[in-house]
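FYI, in UniProt numbering the residues of the sequence shown are 1 to 329. Using N, Cα and C, we set each Cβ at its ideal position, and we do this for glycine too.
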Amino acid sequence: MIIDTHVHPTNLVDEAWRHTGEPFTGERVLKMMDGPFWINGKPRRVDVSCIMPPPGNTAWRDGDRTGREGIRDYQAYVTSLVQQYPDRFVGNFMYNPRFGPENGAAELEFHVREYGYKMLKLHANMHAYRPDRALDWLRPVMRVCDELGIIVLIHTGDGPYSIPTQFYPIIREFPGVTFILGHFGIQTGGVYCFEAFWMIQDSHNVIGESGWLLQSRIVEFAKEMKKSKLVFGTDSPPNEPGMWARELEVLCHEPPQGLNLSEDDLEGYLGNNMAKLLGLAPTPPLKDQAAAEAYLRGDVPQVSAANTHADHYAGYTPSAWAEEAAEAR
Numbered sequence: 001m002i003i004d005t006h007v008h009p010t011n012l013v014d015e016a017w018r019h020t021g022e023p024f025t026g027e028r029v030l031k032m033m034d035g036p037f038w039i040n041g042k043p044r045r046v047d048v049s050c051i052m053p054p055p056g057n058t059a060w061r062d063g064d065r066t067g068r069e070g071i072r073d074y075q076a077y078v079t080s081l082v083q084q085y086p087d088r089f090v091g092n093f094m095y096n097p098r099f100g101p102e103n104g105a106a107e108l109e110f111h112v113r114e115y116g117y118k119m120l121k122l123h124a125n126m127h128a129y130r131p132d133r134a135l136d137w138l139r140p141v142m143r144v145c146d147e148l149g150i151i152v153l154i155h156t157g158d159g160p161y162s163i164p165t166q167f168y169p170i171i172r173e174f175p176g177v178t179f180i181l182g183h184f185g186i187q188t189g190g191v192y193c194f195e196a197f198w199m200i201q202d203s204h205n206v207i208g209e210s211g212w213l214l215q216s217r218i219v220e221f222a223k224e225m226k227k228s229k230l231v232f233g234t235d236s237p238p239n240e241p242g243m244w245a246r247e248l249e250v251l252c253h254e255p256p257q258g259l260n261l262s263e264d265d266l267e268g269y270l271g272n273n274m275a276k277l278l279g280l281a282p283t284p285p286l287k288d289q290a291a292a293e294a295y296l297r298g299d300v301p302q303v304s305a306a307n308t309h310a311d312h313y314a315g316y317t318p319s320a321w322a323e324e325a326a327e328a329r
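Here it is in structure tokens:
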């Protein structure tokens, strides 16, 4: 399977990116996910996307409601998509502490228990707080993540508040929570990929997201990292999934462009690593083009966000799986 950890559908024009044209709705996301994208000579689709509101649409604006009602308002469209397409979408809760830290913690728990959300997103730049000093704003929601096994995706790659190491205090305070460094430390304002790399190397509960990372650095870092410590993410829109999948496919090529990576390990990066974190059953690689075409036609069972593998993963927290996988590697 392919799982995209980082997608922003919206029924409103993105307040931050200001994309032109029509809003990038859930239906447009599904059409994009279906591709097909050609990877190692096989047509593929993105099976599951982890979706969250565009961060610009989660900052308070004049006329918005405040408190828990305001949070439900900005999450409402994502919640509707998770309910409408439970086999394709996993809910990610965008946490803005300026709506109240305790309110955010309570709403995360509500969205997890009521709608099956499995992730939380931090965007300190968009919400204007310094994460290494605003620990009291982060602790309430991190306690919920720790208790319920929620994965935390962090926007990283630009100052003043999204430099990767600024999140070290909260990461160290919650070793039972799995943190994914979104963009692998690269965004509009800087290239902090080496910071992100060493955080991943030094911390059992820190994982990198491939999207935005330079192709040559993917090869360099993948050579050293445990194979369980990288997941596929695109930050779509504005990014197109196929190009980022292609950057991972290159790992299967010969050095120096690639690593002679096996297709089994490529499937880990494309989806199986994230599947295990989400409690989904991992899948083997499709053996040839004919098998891939049959899969896309629906002639063989297709994986989905609703396909939980409860027998093996019951009681697992994401970080527990990450530690187990790291030991296995």
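Anticipated Cβ contact below 8 Å, residue i with residue j, distance rounded
{"i": "F89", "j": "M119", "result": "So it is not a contact: roughly 11 Å between Cβ atoms."}
{"i": "residue 330", "j": "V300", "result": "A query on residue 330 cannot be resolved here, the shown segment of the chain reaching from 1 to 329 and no further."}
{"i": "D235", "j": "H183", "result": "7 Å"}
Sequence-distant residues of its chain with Cβ nearer than 7 Å to residue i (five each side left out)
{"i": "D158", "result": "N125, Q187, T188, G189, G190"}
{"i": "V206", "result": "I171, F179, L181, M199, I200"}
{"i": "H19", "result": "V13, P237, P238"}
{"i": "E102", "result": "P140"}
{"i": "A196", "result": "T156, P164, L181, F184, G185, G208"}
{"i": "M142", "result": "I170, F174, V177"}
Buried or exposed by the 16-neighbour rule on C-beta atoms within 10 Å, applied to residue i
{"i": "G315", "result": "Per-residue confidence for G315 stands at a pLDDT of 38, beneath the threshold of 50, marking its modelled position as unreliable; no derived number is given."}
{"i": "P238", "result": "exposed"}
{"i": "E22", "result": "exposed"}
{"i": "K287", "result": "exposed"}
{"i": "S49", "result": "buried"}
{"i": "L81", "result": "buried"}
{"i": "E247", "result": "buried"}
{"i": "D4", "result": "buried"}
{"i": "I2", "result": "buried"}
{"i": "A222", "result": "buried"}
{"i": "S162", "result": "buried"}
{"i": "A134", "result": "buried"}
{"i": "D202", "result": "exposed"}
Closest by C-alpha distance to residue i, when choosing among the options
{"i": "A275", "options": "A306, A291, L296", "result": "A306"}
{"i": "E267", "options": "H19, V13, K42, E15", "result": "K42"}
{"i": "A59", "options": "Y95, V29, R45", "result": "Y95"}
{"i": "G116", "options": "R45, T79, V144", "result": "T79"}
{"i": "C145", "options": "T165, Y168, G176", "result": "G176"}
{"i": "A106", "options": "I71, K121, Y85, Q84", "result": "I71"}
{"i": "R297", "options": "R44, R18, L30, F174", "result": "R44"}
{"i": "A128", "options": "H155, Y74, Y85, E109", "result": "H155"}
{"i": "N228", "options": "L277, I163, D73", "result": "First, the amino acid is wrong: residue 228 is Ser here, not Asn. Measuring from the Cα of S228, the nearest candidate turns out to be L277."}
{"i": "G271", "options": "P256, P255, E209", "result": "E209"}
{"i": "N57", "options": "A76, I39, D47", "result": "A76"}
Neighbourhood of residue i by C-beta distance below 6 Å, restricted to the same chain and skipping five residues each side
{"i": "L148", "result": "V112"}
{"i": "G242", "result": "F37"}
{"i": "D62", "result": "none"}
{"i": "R130", "result": "Y161"}
Residue(s) in a DSSP beta bridge with residue i
{"i": "S162", "result": "D158"}
{"i": "G91", "result": "I51"}
{"i": "L230", "result": "G208"}
{"i": "G100", "result": "None; G100 has no bridge partner."}
{"i": "I151", "result": "M119"}
{"i": "residue 330", "result": "Since the first and last residues shown for the chain are 1 and 329, residue 330 lies out of range."}
{"i": "Q187", "result": "G190"}
Sequence-distant residues of the same chain with beta carbon closer than 8 Å to residue i, five excluded per side
{"i": "I51", "result": "V7, H8, P9, G26, V29, V78, L81, V82, F89, V90, G91, N92"}
{"i": "F194", "result": "G185"}
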